[in-house]
Structure formats: C-alpha cells, structure tokens
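Below is one structure; the comments refer to it alone.
Residue numbers (my numbering), protein chains in the order written: chain X, 3 to 116; chain Y, 184 to 297.
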C-alpha cells in the first residue's frame, strides 16, 4: 500500500549515459513534482505537473525531461549524465481541491554518476 | 518572491531537553507554512502545517509550531527531545503569489545526545 513509489532506489551509472527514474502515486492526487536534493540536503524543485500538464519548470538543463503519461505517474528522463547530476531525486504528489499543497514524498532515488 | 530561512544548520540537544528549530519566512501575502522531517535515507514527511486557522499548530510526535506574523516566524518546538527525533527538519512556504510552488528552507539537522 505504498503511497508514492520510485524506481529504482539506487542508480549508479557512467558519465554520458541516459537513464530514467519512474514515479507512481496511488493517492488519487492530481499534482506531482520532481525535486533534487544535493549533498548538503538542499531541496530544489525541478518540475511540477498538474493533471498531466507542466506547471512548474525551473531552470533545469534540457537534458532533463519529465513525462506524465497519466495523473498517477511522473517519470524523469536524463540524457548525457554528468558528474554534477549525482544527487537524490525525490518525487512528490499533492491532493486536489485545496490551495494548501501538502506534499507526499517518495523514498528517493540515489543517483551516482561516475 | 517568497523565501524561508532556517537559522542554524545544526542543532544539538540532550535527551529530554527542549527542542527549538527556527524558521523565518518572507511573503507578500499570508502564506501557508509547513514543517517536514526527513529521517536518514528516507523521503520527507509532514510534521505540521499552518493554514491560517489557528496560530499554534500541533503536529505529530509531540511537535508544535507557532505562527507569529509580527516576527514573520514559524519556529518548531518540542518540550522534551527523544533520541528518535534525530533527523533533518525542513521549513517550507507556499501559496500566495508562489502558487503551486513550495519553497523549502536549507534544513536543520537535529542531533539528540543521550
């Protein structure tokens, strides 16, 4: 009965590779997010989708491309991985019908680029 | 633009002592304010939130926070620290001109000494 799940949990890859991280929520939420947390624990929003539409697109390299096939899924594809992409990536979701956007986080995907 | 500042990247208390984690916000309109906790190798989870209903907000695990508009603060407290409270704590602000976007503080790491 996992609420927000991410796969994989760990990802170790070489520079220049392309990788994807998947996120799914079974909470019935209509807004989903991707965050990047660096080694100093700083949490920065990357993207947000509401009902499959992109609503937040922060200053993120074009190598990062989110895709939302439906309201319950938000995937993140990263092209040409760089050393600086090493971080923990969190998916989150929030419920509809309220301006108070409490966020429900997944367990994170720890990406290490070698 | 909204922002949030957490004073002190590290706070250390003895078990049984008062916990005080400081958060100041900046917002042109009354905001929604949150405290999240992150245990090691986990995602963030909501501790409590302020939505303008009451200035003193009680959360899970014995934590509470008080919204003080005159001081633009939303400090988190717990009367008696427990070893299990050791974690990273994030203050966050959303709503108003920020819309869907939630801005997180840099985090405060709480250490609890036996």
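Note that CB positions come from ideal geometry on N, CA and C, so glycine has one too.
1) Once DSSP output is grouped into helix, strand and coil, what is the label at residue 252/Y?
2) What residue range does the beta strand (DSSP E) around residue 39/X cover?
3) Pair every Cβ in the region 211-226 of chain Y with every Cβ in the region 264-271 of chain Y, then say whether three or more of these pairs are closer than 8 Å.
4) Pull up the distance between the alpha-carbon of residue 244/Y and that of residue 205/Y, whole angstroms please.
5) Please go through the region 82-109 of chain X and give each complete beta strand (DSSP E) segment of 3 or more residues, from N-terminal end onward.
6) Okay, do the region 251-259 of chain Y and the region 190-208 of chain Y touch, 3+ Cβ pairs below 8 Å being the bar?
7) Whose CA, out of 90/X, 58/X, 97/X and 109/X, lies closest to the CA of residue 286/Y?
8) Where does the unbroken beta strand (DSSP E) through residue 111/X begin, and where does it stop?
9) Going by C-alpha to C-alpha distance, which of 112/X, 43/X and 94/X sits closest to residue 6/X?
10) Using a Cβ cut-off of 8 Å (strictly closer), state whether residue 199/Y contacts chain X.
11) So, helix, strand or coil for residue 28/X, using DSSP?
12) Determine, for residue 215/Y, whether the minimum Cβ-Cβ distance to residues of chain X falls below 8 Å.
13) Using the beta-carbon count (16 or more within 10 Å), is residue 56/X buried or exposed?
14) On the DSSP letters alone, give me the boundaries of the beta strand (DSSP E) that residue 233/Y sits inside.
15) Using a Cβ-Cβ distance under 8 Å, would residue 27/X count as near chain Y?
16) Taking only beta carbons into account, state which residues of the region 224-256 of chain Y come closer than 8 Å to chain X, listed in chain order.
Quick look at the numbers:
1) Here residue 252/Y corresponds to residue number 69 of the second chain, with the count starting at 1. In this structure, residue 252/Y counts as helix in the three-state DSSP scheme.
2) Within the first chain, the letter at position 37 stands for residue 39/X. Taken as a continuous stretch (DSSP letters only), the beta strand (DSSP E) holding residue 39/X covers 33-39.
3) Yes, they touch.
4) For the purposes of this step, residue 244/Y is taken as the residue at position 61 of the second chain. For the purposes of this step, residue 205/Y is taken as the residue at position 22 of the second chain. Their Cα atoms are separated by approximately 18 Å.
5) Unbroken beta strand (DSSP E) runs of no fewer than 3 residues, entirely contained in the region 82-109 of chain X, are found at 89-96, following chain order.
6) yes
7) Here residue 286/Y refers to the residue found at position 103 of the second chain. Of the candidates 90/X, 58/X, 97/X and 109/X, the one whose C-alpha sits nearest the C-alpha of residue 286/Y is 58/X.
8) Against the first chain, residue 111/X aligns to sequence position 109. Segment 111-115, the beta strand (DSSP E) holding residue 111/X.
9) The residue given as residue 6/X occupies position 4 in the first chain. Among 112/X, 43/X and 94/X, the Cα nearest to that of residue 6/X belongs to 94/X.
10) The residue labelled residue 199/Y in the question sits at position 16 within the second chain. Contact of residue 199/Y with chain X is not assigned, every C-beta pair being separated by 8 Å or more.
11) Sequence index remark: in the first chain, residue 28/X carries index 26 (1-based). Collapsing the DSSP output to three states places residue 28/X in coil.
12) Here residue 215/Y corresponds to residue number 32 of the second chain, with the count starting at 1. It does: the Cβ of residue 215/Y has a partner Cβ on chain X nearer than 8 Å.
13) As a first step, residue 56/X is located in the first chain; it is residue number 54 there, counting from the start. Result: exposed.
14) For the purposes of this step, residue 233/Y is taken as residue 50 along the second chain, with counting starting at 1. Element bounds for residue 233/Y: 227-233.
15) As a working mapping, residue 27/X is identified with position 25 in the first chain. Contacts with chain Y at 8 Å (Cβ-Cβ) do not include residue 27/X.
16) 224, 225, 226, 227, 228, 229, 232 and 234
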